[in-house]
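Undergrad: If you scroll down you'll find the structure; I have some questions about it.
In the numbering used here, the protein residues as written are 10 to 42.
The structure is reproduced here in structure tokens:
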């Protein structure tokens, strides 16, 4: 993994954000129900 590659870093950040958002949505949905 090349840390100097902006696209690679951006891709990793986007993936992390998506995973966190999905976890929060699932947790909120389960708690709501």
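Cβ coordinates follow ideal geometry from the N, Cα and C atoms, glycine included.
Could you check what DSSP says for residue 38 in three-state terms: helix, strand or coil?
TA: Within the chain shown, the letter at position 29 stands for residue 38. Look at residue 38 here: in three-state DSSP terms it is helix.
Undergrad: To the nearest angstrom, how far is it from the Cα of residue 38 to the Cα of residue 28?
TA: Looking up residue 38 in the chain shown gives position 29. Looking up residue 28 in the chain shown gives position 19. Using only the alpha carbons, I get a separation of about 15 Å.
Undergrad: Can you look up residue 13 in the DSSP assignment and give me helix, strand or coil?
TA: On the chain shown, position 4 is the one that residue 13 refers to. The answer is coil: DSSP assigns residue 13 none of H, G, I, E or B.
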